[in-house]
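Participant:
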Ligand SMILES: Nc1ncnc2c1ncn2[C@@H]1O[C@H](COP(=O)(O)OP(=O)(O)O)[C@@H](O)[C@H]1O
Ligand SMILES: [Mg+2]
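Chains as they are written, first to last, in this note's numbering: chain G, 302 to 569; chain R, 9 to 321.
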């Protein structure tokens, strides 16, 4: 007579954990202020670097400054969920090696969910605000019409894009169930996200193939954003990206859970 | 519900240990390596635990106690043999099994580190879908058994080890599970916290008829809590019976304590069937001056030590 736990249950639990977590974070006020300040500075410096770099290169492969800016904003927003909701992946290898990971397996809920629910990283919110600001600014300058359909497309394809980075990090983190050096894998994958803000068309053959089909960084911003940026000339891969994103995320989740099943729970 | 809380039949657990290598290159090497050795942690253990029992699951370090518990909780799959917990195969029904068990691994808190205990309790209430009325009753029961006020509003990270362990035990019983597993819960605690925890466990077992499976190195825990003990060594079960039976078996053993001239006490364990106590005293008296003599029944501690050293009963 097992109790039924559906999506509503999980959403409710997540919300409750999140509220408690934010409450306790805010009670450490100095910590909170410093990390908020740090988050603003990080985003600001990234933004300024981008401006300086691209202001003097008006067109790259047919992309002008505002298209580049749109893509940049798009990538910032798409990278927010992985930062906010899946940041505990960074702690996975330490917990697996020390044996502390076992505690996530004693609750009558999904292990992946329970593990991820433990950490909500507020730093992602600053990035989200910057990203939205950048998209709006570029949007106005490019002169894309504002219709409900375009907004809906934007939301759907942003969501799609975010799934790719989450999946990449899930897989990178889950390698710790098999290998010792998973830290390197995570750092390398996380660095690759910096390529997300460039149009895939600037990369040469080999890299283009790698970033599209092997480590699908091109789907974190480039392909999904084309639906908005080039509405008359949308490649097939762009239209397929929501489906591919869901499949890729599902595979990464299965891989992560396979790691849990294979893991032999070292530590006394 | 059936009368058996746990049934294990011929359970074995082997670990394949890979000789791992450091660094990125090492990791890549590991992926293709076949450099394994096999460790048999649990060998052919059969065991039945009835509802409402508190059993002491004892054995020296590395005996296989934690591995057994990990199999009973459903996180590890046995290499061979069968386990039923509350009538179900735990590894195949992990989430379902978790509804009906509570687990404490000493010194590894399972609570939310930065939250006050009461908030952790509320989250657990929701996770286990405990009706509010049952939850309130449980908190009342806790209040009657132990003074929880000083820890209830304290974040877990600010607690002492003793308070943290106490909190973890309370959390393990919160959803009124049929079985609670306690793996070395009193390790590193002071005497007063140990006795608090023992009376709490006894009280909860009595009130809720919870089955408790306890591993410990502290014979004080065993004396206070367990009627029955199971001992394993090198993965094999070497004893499974009432603790009284064990003491009878070792009934001819005495602990002889001799106080020397400098005030120190010397302890010797003697089997009266084979050795005469007076002979030992006289022999020692020829070598040194003895100021006081005590002869005690064998303690649980010594009984267990004898079993670890001397094989089967
Ligand atoms: N995940 C694991 N991988 C390899 N060997 C293990 C693992 N877990 C336990 N062992 C080994 O199995 C044996 C039993 O360990 P354990 O069950 O932790 O003993 P205990 O809890 O009785 O101290 C030990 O030799 C230990 O080294
Ligand atoms: Mg152990």
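Even for Gly, the Cβ is constructed at its ideal location relative to N, Cα and C. In this text the structure is predicted, and so the values were computed from the model without any measurement.
1) Does the beta carbon of residue 410(G) come closer than 8 Å to any beta carbon on chain R?
2) Beta-carbon within less than 7 Å of residue 455(G)'s beta-carbon, same chain only, minus the 5 sequence neighbours each way: which residues are those?
3) Using a Cβ-based criterion (distance less than 7 Å to any ligand heavy atom), does residue 64(R) qualify as near ligand 1?
4) Below 8 Å on the Cβ atoms is my guess for residue 444(G) versus residue 374(G); work out the distance and round it to an integer in Å.
5) Which residues end up in the neighbourhood of ligand 1 when you take C-beta atoms closer than 6 Å to any of its heavy atoms?
6) Under 8 Å Cβ to Cβ from residue 5(R), same chain only, skipping five residues before and after it: list those, please.
7) Would residue 428(G) be called buried (16 or more neighbouring beta carbons within 10 Å of its own) or exposed?
8) For residue 273(R), count neighbouring C-beta atoms within 10 Å of its own C-beta (all shown protein chains included) and say buried if the count is 16 or more, exposed if not.
9) At the level of alpha carbons, what is the spacing between residue 422(G) and residue 391(G)?
10) Check the Cβ-Cβ distances between residue 624(G) and every residue of chain R, and say whether any is below 8 Å.
11) Any C-beta of chain R sitting closer than 8 Å to the C-beta of residue 398(G)?
12) Would you identify the three-state DSSP class for residue 364(G), choosing helix, strand or coil?
13) Under the three-state reduction of DSSP, which class applies to residue 273(R): helix, strand or coil?
14) Between the C-alpha atoms of residue 202(R) and residue 196(R), what's the straight-line distance to the nearest angstrom?
15) Could you check where the beta strand (DSSP E) with residue 26(R) kicks off and where it finishes?
16) Let me check understanding here. Comparing Cα to Cα, which of 464(G), 321(G), 363(G) and 567(G) lies closest to residue 554(G)?
17) Identify every run of the alpha helix (DSSP H) within the segment 424 to 486 of chain G, keeping only runs that are complete inside it and at least 4 residues long; order them along the chain.
18) Looking at the structure shown, is residue 192(R) part of a helix, part of a strand, or coil, going by DSSP?
19) I want to see whether chain G comes within less than 8 Å of residue 139(R), judged by CB atoms only; does it?
20) For residue 136(R), go through chain G and note every residue whose CB falls closer than 7 Å to its CB, in chain order.
21) Between residue 482(G) and chain R, is there a C-beta pair that is closer than 8 Å?
22) Is residue 304(G) close to chain R? Criterion is C-beta to C-beta, closer than 8 Å.
23) Which residues in the same chain as residue 550(G) place their Cβ atom closer than 7 Å to its Cβ, once the five residues preceding and following it in sequence are excluded?
24) Please go through the same chain and pick out, in chain order, the residues whose beta-carbon is closer than 6 Å to the beta-carbon of residue 113(R), but skip the five residues on each side of it.
25) What does residue 163(R) reach in chain G if we use C-beta pairs closer than 8 Å?
26) Are there three or more Cβ pairs, one per stretch, closer than 8 Å when the segment 153 to 161 of chain R is compared with the segment 23 to 34 of chain R?
27) Rounded to whole angstroms, what's the CA-CA distance from residue 526(G) to residue 164(R)? Just pull it up for me.
28) Check whether the Cβ of residue 318(G) lies closer than 8 Å to any Cβ atom in chain R.
29) Is residue 102(R) close to chain G, meaning its C-beta is less than 8 Å from at least one C-beta of that chain?
30) For residue 34(R), decide whether its Cβ has a neighbour in chain G, counting only Cβ atoms nearer than 8 Å.
31) Is residue 230(R) near residue 224(R), with beta carbons less than 8 Å apart?
32) Closer than 8 Å, CB to CB, is residue 579(G) near chain R or not?
33) Suppose you measure from the CA of residue 504(G) to the CA of residue 351(G); what does that come to, to the nearest Å?
34) Would you say the beta carbon of residue 191(R) is closer than 7 Å to some non-hydrogen atom of ligand 2?
35) Along the chain, where does the alpha helix (DSSP H) containing residue 256(R) start, and where does it finish?
36) Using a Cβ-Cβ distance cut-off of 8 Å, determine whether residue 39(R) contacts chain G.
Facilitator: According to the structure shown:
1) yes
2) 529
3) no
4) So it is not a contact: roughly 16 Å between Cβ atoms.
5) 565(G), 566(G), 567(G), 569(G), 23(R), 25(R), 47(R), 49(R), 67(R), 69(R), 70(R), 71(R), 72(R), 73(R), 74(R) and 75(R)
6) Since the displayed chain R opens at 9 and closes at 321, residue 5(R) lies outside it and no answer follows.
7) buried
8) exposed
9) 12 Å
10) Here chain G has residues from 302 to 569 only, and residue 624(G) is not among them.
11) no
12) strand
13) strand
14) 9 Å
15) 12 to 26
16) 464(G)
17) 424 to 443 and 449 to 475
18) coil
19) no
20) 409
21) yes
22) yes
23) 464, 467 and 468
24) 191
25) 325
26) no
27) 45 Å
28) yes
29) yes
30) yes
31) yes
32) A question about residue 579(G) goes unanswered here, because the residues of chain G that appear run from 302 up to 569.
33) 18 Å
34) yes
35) 251 to 257
36) yes
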